[in-house]
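Just so you know, we're using my numbering here: the sequence shown kicks off at 1397 and counts up by one.
Glycine included, every Cβ here is placed at the ideal spot set by N, Cα and C.
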Amino acid sequence: MTEEKSVAVIGAGIFGLSLAIALRDRNYEVTVFDRSQYDANGYDPTADDVQAASADHNKIFRASYGKEIHYQRLALESRGAWVSDDEKRGSTEQDDDRDNRLFVNSGMLRIQPSENLSSLEKETLANMQRDGLRDTQFVKSDPADCERADKLGWKDKILNFQIPDSKSTYEAVLDSLAGFVRCSNACAHYQKVAADKGVKFHFGPQEGAVDYLVKVKSEIEPSKDKVAGLKTKNGVVHDADAVVVAAGSFSTQIFPDLSYHLESSAGSLATLKIDKSNTELWNKYSPERFPVMTWKSTPRDASGKDTGSIYVLPRTPEGLVKIGYRGVKWTNFQPAPQDTPFTQDGQWSVPLPVEECSLLPEPALYAIKQFVSIFMPEFESTPFFSTKLCWYTDSLDNSFVIDHVPTYAEESVFVCTGGSGHGAKFLPVLGKVGKPTHSTRPRLTD
Ligand SMILES: Cc1cc2nc3c(=O)[nH]c(=O)nc-3n(C[C@H](O)[C@H](O)[C@H](O)COP(=O)(O)OP(=O)(O)OC[C@H]3O[C@@H](n4cnc5c(N)ncnc54)[C@H](O)[C@@H]3O)c2cc1C
């Protein structure tokens, strides 16, 4: 058994939880801090004090990553973990009230902007082929694929739509490995797993919110500071051998050294609500009948206006159908604190206060409505049930930022963030990739 080193993790979202569990499994003494009262609100995305990308009804699971085969393989490893965890928990899909699956294999239909497959799709198919998984992908125009989809019970999810103002048909790929993860439920589950393993948690705006990192001169490397712990808003100092910054889109504010690597930007989400009494829609949009859909648009309306990319997920057990717009991400530039290593004319983009995140910018609303009118015509005149800006933590190359910070002594600071809009699916495996082991430097391809 190794000596128990203490690690303080800032953030109990997907990155923080995943790492906390992996560290505890290696006998570290782990304490997680989060300013949200997750022990009371259970990661409810609608709770007033919740602002985290991880706290959401659902996020897409996909292993389709174009050329990035390392992400494809990591996603498949993660998929195995989701499935086996659901099996262990005896999860069921029998009816909505008892459906407690964290991973739902609804499939994903990737609708192309034209009759041809994009180069990204071709790269994905090539890498699926390389890993012996080509049979799991069904190309709409390929008769052999459609026949296989039919035999395997997937054909009905290769949905057919009439695109207005378009004479041509569109190409699409149905990915039968994909689906979605129930994010908030997954966080609540993994938080409990972590607590059961002995990870300690401090939650809430006083006890859990981190004010700043405590820095001291290192005796071992006198030219550098080391981080000796952190101070929470209630004034308590918590000592730790290492501090992990895993605060998602808030990470730069806690640790401005990250300002060169990360930027916070907002994605646009809207939900529509289906009443259970509307049996036709309730069934049509269920995960059993409706896949996750992504639509990469080209200029589609009469004026040639680019409506951006849209995705939609099957309805939740409560009847919510979530639609996301990823054509444009929104920034919120504010004056950066003095000495911030990287700014844009003294400013940086940070999340808006949660109470200012319920309205979407006009281009996002336009694109979502456009999508609804083509692909979900039943809802064309239905008002949105909710709208929300949800904050990304974008890295320079959209890869995760998981490493020690070399400018601090004694490997006392570690960062585990940079989800860049695709981290949720990796919850069961992320921490194992990124353990701060005090000797080997982590690499994503480990
Ligand atoms: C719009 C959108 C769509 C996405 N879609 C997908 C998808 O389809 N599939 C997918 O796999 N991924 C998706 N992602 C990415 C995924 O959601 C993120 O990668 C992941 O949730 C990030 O987790 P995190 O732990 O880094 O950050 P967060 O979930 O933001 O967690 C950070 C935590 O830090 C806490 N915190 C902040 N400040 C402090 C402080 N001072 N003290 C203590 N705690 C603090 C917060 O309360 C929060 O709980 C999407 C992201 C967005 C924004």
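Out of the options, which one is the CA nearest neighbour of residue i?
i, options, result
"Tyr1811", "Leu1415, Arg1578, Ser1402, Gln1533", "First, the amino acid is wrong: residue 1811 is Val here, not Tyr. Cα-wise, what sits closest to Val1811 is Leu1415."
"Ala1582", "Asn1501, Gly1409, Tyr1467, Thr1628", "Gly1409"
"Gly1407", "Asp1637, Glu1425, Gly1462, Tyr1434", "Tyr1434"
"Lys1821", "Arg1544, Val1405, His1453", "His1453"
"Ser1432", "Ala1471, Ile1456, Val1750", "Val1750"
"Pro1757", "Gly1644, Ala1451, Pro1773, Thr1727", "Thr1727"
"Val1595", "Val1479, Ile1417, Glu1776", "Ile1417"
"Asn1512", "Thr1803, Tyr1804, Val1809, Val1569", "Val1569"
"Leu1505", "Thr1532, Leu1419, Ala1763, Asp1491", "Thr1532"
"Val1633", "Val1610, Asp1799, Ser1777", "Val1610"
"Ile1554", "Arg1526, Val1589, Ile1507", "Ile1507"
"Leu1365", "Thr1813, Asp1571, Asp1653", "Missing from the structure shown is residue 1365; the chain here goes from 1397 to 1842 and no further."
"Thr1628", "Ser1777, Thr1427, Lys1401, Val1746", "Thr1427"
"Ile1616", "Gly1819, Ser1777, Pro1779, Glu1806", "Glu1806"
"Asp1592", "Asp1421, Glu1752, Asp1637", "Asp1421"
"Leu1761", "Leu1419, Gly1720, Gly1528, Gln1730", "Gly1720"
"Lys1529", "Gln1734, Gln1468, Thr1690", "Note on residue identity: the sequence assigns Leu, not Lys, to residue 1529. Closest option to Leu1529, Cα to Cα, is Gln1468."
"Trp1678", "Pro1713, Tyr1804, Pro1731, Ile1764", "Pro1713"
"Gly1827", "Gln1525, Ser1480, Ala1459, Ala1590", "Ala1590"
"Ala1404", "Val1640, Trp1787, Arg1685", "Val1640"
"Asn1794", "Asn1556, Met1524, Gly1819", "Gly1819"
"Trp1550", "Asp1482, Ala1449, Gly1644, Glu1684", "Glu1684"
"Gly1462", "Lys1622, Ser1515, Cys1542", "Ser1515"
"Gly1503", "Leu1470, Ala1459, Gln1525", "Ala1459"
"Ala1437", "Asp1546, Ala1584, Gln1766", "Position check: residue 1437 holds Asn in this sequence, whereas Ala was assumed. Of Asp1546, Ala1584, Gln1766, the residue nearest in Cα terms is Ala1584."
"Ser1745", "Glu1567, Thr1442, Pro1731", "Pro1731"
"Glu1425", "Asp1799, Asp1541, Asp1635, Asp1546", "Asp1635"
I believe residue i touches residue j by the beta-carbon criterion, under 8 Å. Please report the beta-carbon distance rounded to the nearest angstrom.
i, j, result
"Ser1791", "Ser1816", "5 Å"
"Ser1345", "Leu1658", "Shown here, the chain extends from 1397 to 1842; a query on residue 1345 therefore has no answer."
"Ala1642", "Phe1411", "4 Å"
"Tyr1707", "Val1724", "Not really, about 14 Å apart at Cβ, beyond 8 Å."
"Ala1662", "Leu1755", "The pair is not a contact, with the Cβ atoms about 11 Å apart (cut-off 8 Å)."
"Gly1715", "Lys1680", "The Cβ separation is near 12 Å, so there is no contact."
"Pro1618", "Asp1445", "That pair is no contact at about 42 Å."
"Gln1649", "Leu1413", "Contact flag wrong, Cβ pair sits at about 20 Å."
"Lys1401", "Asp1637", "4 Å"
"Thr1739", "Ser1655", "7 Å"
"Pro1773", "Gln1447", "In fact, because the Cβ distance is near 34 Å, the residues do not count as touching under 8 Å."
"Thr1813", "Gly1644", "6 Å"
Provide the residue span of the beta strand (DSSP E) that contains residue i, from first to last.
i, result
"Trp1744", "1743 to 1745"
"Glu1483", "Segment 1465 to 1484 is the alpha helix (DSSP H) holding Glu1483; no beta strand (DSSP E) there."
"Ile1507", "1504 to 1507"
"Lys1622", "1621 to 1628"
"His1634", "1633 to 1635"
"Trp1726", "1716 to 1726"
"Asp1607", "1606 to 1613"
"Ala1730", "The identity of residue 1730 in the sequence shown is Gln, whereas the question assumes Ala. Residues 1729 to 1731."
"Ser1673", "Taken as a continuous stretch (DSSP letters only), Ser1673 belongs to no beta strand (DSSP E), as it is neither H nor E."
"Ala1522", "Careful: Ala1522 lies outside any beta strand (DSSP E), inside the alpha helix (DSSP H) at 1515 to 1526."
"His1657", "Segment: none, His1657 is in no beta strand (DSSP E) and carries neither H nor E."
"Val1641", "1638 to 1641"
"Phe1597", "1596 to 1599"
Start and end of the alpha helix (DSSP H) containing residue i?
i, result
"Thr1565", "Segment: none, Thr1565 is in no alpha helix (DSSP H) and carries neither H nor E."
"Ser1769", "1758 to 1771"
"Gln1533", "Where Gln1533 is concerned, there is no enclosing alpha helix (DSSP H), although the beta strand (DSSP E) it sits in stretches over 1533 to 1535."
"Val1589", "1579 to 1593"
"Val1829", "1823 to 1829"
"Gln1649", "1647 to 1650"
"Thr1789", "Looking at the DSSP string, Thr1789 is not in any alpha helix (DSSP H); the run it does join, the beta strand (DSSP E), is 1782 to 1791."
"Pro1539", "1539 to 1547"
"Ala1436", "1434 to 1437"
Checking the sheet assignment: what are the DSSP bridge partners for residue i?
i, result
"His1861", "This structure does not reach residue 1861, given that the chain is present from 1397 up to 1842, and the question cannot be answered."
"Glu1425", "Ser1402"
"Tyr1860", "Nothing about residue 1860 can be read from this structure; the chain reaches only from 1397 to 1842."
"Met1689", "Leu1505, Val1708"
"Lys1455", "Val1577"
"Ser1664", "Tyr1721, Leu1785"
"Leu1570", "Leu1505, Phe1534"
"Val1446", "Answer is none; Val1446 lacks a bridge partner."
For ligand 2, any of its heavy atoms closer than 8 Å to the Cβ of residue i?
i, result
"Gly1663", "No copy of ligand 2 occurs in the structure displayed; its ligands are ligand 1 alone."
> Does the stretch 1565 to 1579 touch the stretch 1491 to 1507, meaning 3 or more C-beta pairs lie closer than 8 Å?
Replying inline: yes
>> Under 8 Å, with one C-beta from each stretch per pair, do the stretch 1478 to 1490 and the stretch 1604 to 1612 reach the 3-pair mark?
In response: no
> Quick check: the stretch 1531 to 1539 against the stretch 1666 to 1677, are there 3 or more CB pairs under 8 Å?
Replying inline: no
> Using 8 Å as the threshold, is the stretch 1474 to 1484 in touch with the stretch 1823 to 1830, meaning 3 or more CB pairs across them?
Replying inline: yes
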